[in-house]
Amino acid sequence: MSFLENCTLRLAFDNNSEDFQSINTGIPQGSPISPILFLIYIRNLFKSNSIRFILYIDDIALIASSTSFSKNCRILEREVAQITELGAQNAIKFNLAKTKLMHFSTASATIGATVKLPDGTIIEPKSLVKWLGIWFNSILTYKYHVAKKVSQARSTLQRMT
38 MSFLENCTLR
48 LAFDNNSEDF
58 QSINTGIPQG
68 SPISPILFLI
78 YIRNLFKSNS
88 IRFILYIDDI
98 ALIASSTSFS
108 KNCRILEREV
118 AQITELGAQN
128 AIKFNLAKTK
138 LMHFSTASAT
148 IGATVKLPDG
158 TIIEPKSLVK
168 WLGIWFNSIL
178 TYKYHVAKKV
188 SQARSTLQRM
198 T
């Protein structure tokens with residue numbers, strides 16, 4: 038509470054500054070407490086026996102595993118609808134436009150079922166997805182990720198020389 042109480046703000050621009058004024062609501066942008074409070078606030082949204090959740094701040098991965106891609110997609114549709122509804126009840130709106138779908142398999146080609154989001158959007162499976170800065174392919178070889186990082190390192194080295 039001490040972090041959130043008696044906060045003041047002063048705006049300064051072009052060698053002019055205002056007097057300090059009280060801030061009655063909110064958390065300062067960029068505050069290290071923001072992601073912690075966010076995770077505490079959303080923790081009850083992600084409880085399921087059907088899927089696994091991987092959360093990193095506001096990046097969320099839902100993982101379903103079954104005997105078929107179609108079954109996984111139906112599980113994901115149900116869980117996304119439930120999470121979206123719980124979120125709406127708690128004034129949380131998820132950016133469904135950022136949703137990506139990947140089917141992981143040992144087979145080299147993984148063409149599979151689609152997922153229909155609560156807003157009606159159909160998500161087609163991708164063969165390559167970037168999540169938290171890592172490029173994943175459907176057979177988890179990481180060849181593309183390594184190639185991308187090597188290319189970036191070479192480019193950086195060329196600029197430095």
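According to the numbering used here, the sequence shown is numbered sequentially starting from 38. Positions of the beta carbon are idealized from the N, C-alpha and C atoms, including for glycine. It should be emphasised that the depicted structure is a prediction, and the values quoted were computed from it without experimental measurement.
Which whole-angstrom value is the C-beta distance of Ile112 and Ser103, which I expect to be below 8 Å?
Position 75 of the sequence shown, counted from the first residue, corresponds to residue 112. Position 66 of the sequence shown, counted from the first residue, corresponds to residue 103. The Cβ separation is near 7 Å, so the contact holds.
Taking buried to mean at least 16 other C-beta atoms within 10 Å of its own C-beta, is Ser105 buried or exposed?
Taking the sequence shown and counting its residues from 1, one reaches residue 105 at position 68. Looking at its Cβ environment, which holds fewer than 16 other Cβ atoms inside 10 Å, Ser105 is exposed.
Three-state secondary structure (DSSP) of Phe131:
Here residue 131 refers to the residue found at position 94 when the sequence shown is read from its first residue. In this structure, Phe131 counts as coil in the three-state DSSP scheme.
For Ser175, which option in Trp168, Leu154, Met139 has the closest C-alpha, if you only look at C-alpha atoms?
By one-based count along the sequence shown, residue 175 stands at place 138. Residue Met139 is the option with its Cα nearest to Ser175.
Determine, using beta carbons only, whether Lys137 and Val166 come nearer to each other than 7 Å.
Here residue 137 refers to the residue found at position 100 when the sequence shown is read from its first residue. Here residue 166 refers to the residue found at position 129 when the sequence shown is read from its first residue. Contact flag set, yes.
Cβ-based neighbour list, Val152, same chain, cut-off 7 Å, excluding 5 preceding and 5 following
One-based indexing of the sequence shown puts residue 152 at position 115. For Val152, where only same-chain residues beyond five positions count, the Cβ hits under 7 Å are Cys110, Leu113, Glu114, Leu138, Ile160.
Have a look at Lys186 and Thr143 and give me their C-alpha separation to the nearest angstrom.
Residue 186 sits at position 149 when you count from the first residue of the sequence shown. Residue 143 sits at position 106 when you count from the first residue of the sequence shown. Roughly 24 Å between the two C-alpha positions.
DSSP state of Leu76, grouped into three classes?
In the sequence shown, residue 76 corresponds to position 39, counting from 1. The answer is helix: DSSP assigns Leu76 an H, G or I state.
DSSP beta-bridge partners for Val187?
Walking along the sequence shown from the start, residue 187 turns up at place 150. Partner(s): none; Val187 has no beta bridge.
Do you know whose CA, among Ser54, Pro69, Asp95, Leu48, lies nearest Ile60's CA?
In the sequence shown, the residue the question calls residue 60 occupies position 23. The candidate whose alpha carbon is nearest that of Ile60 is Leu48.
Local conformation of Asn109 per DSSP, three classes
Locating residue 109 in the sequence shown gives position 72, where the first residue counts as 1. Correct three-state label for Asn109: helix.
Three-state class that DSSP yields for Ile176 in the structure shown:
In the sequence shown, residue 176 corresponds to position 139, counting from 1. Ile176 falls in the coil class under three-state DSSP.
Do Glu116 and Ile91 have their CB atoms nearer than 7 Å?
Position 79 of the sequence shown holds residue 116. Position 54 of the sequence shown holds residue 91. No. Outside cutoff.
Cα-Cα separation, Pro162 to Phe141:
Counted from its first residue, the sequence shown places residue 162 at position 125. Counted from its first residue, the sequence shown places residue 141 at position 104. Whole-angstrom Cα-Cα distance: 10 Å.
So, is Leu74 buried or exposed, given that buried needs 16 or more other C-beta atoms within 10 angstroms?
If you number the sequence shown from 1, residue 74 lands on position 37. Flag for Leu74 reads exposed.
Relative to the C-alpha of Trp168, which candidate in His182, Thr158, Pro155 has its C-alpha closest?
Locating residue 168 in the sequence shown gives position 131, counting from the first residue. If we check each option's Cα against that of Trp168, His182 comes out closest.
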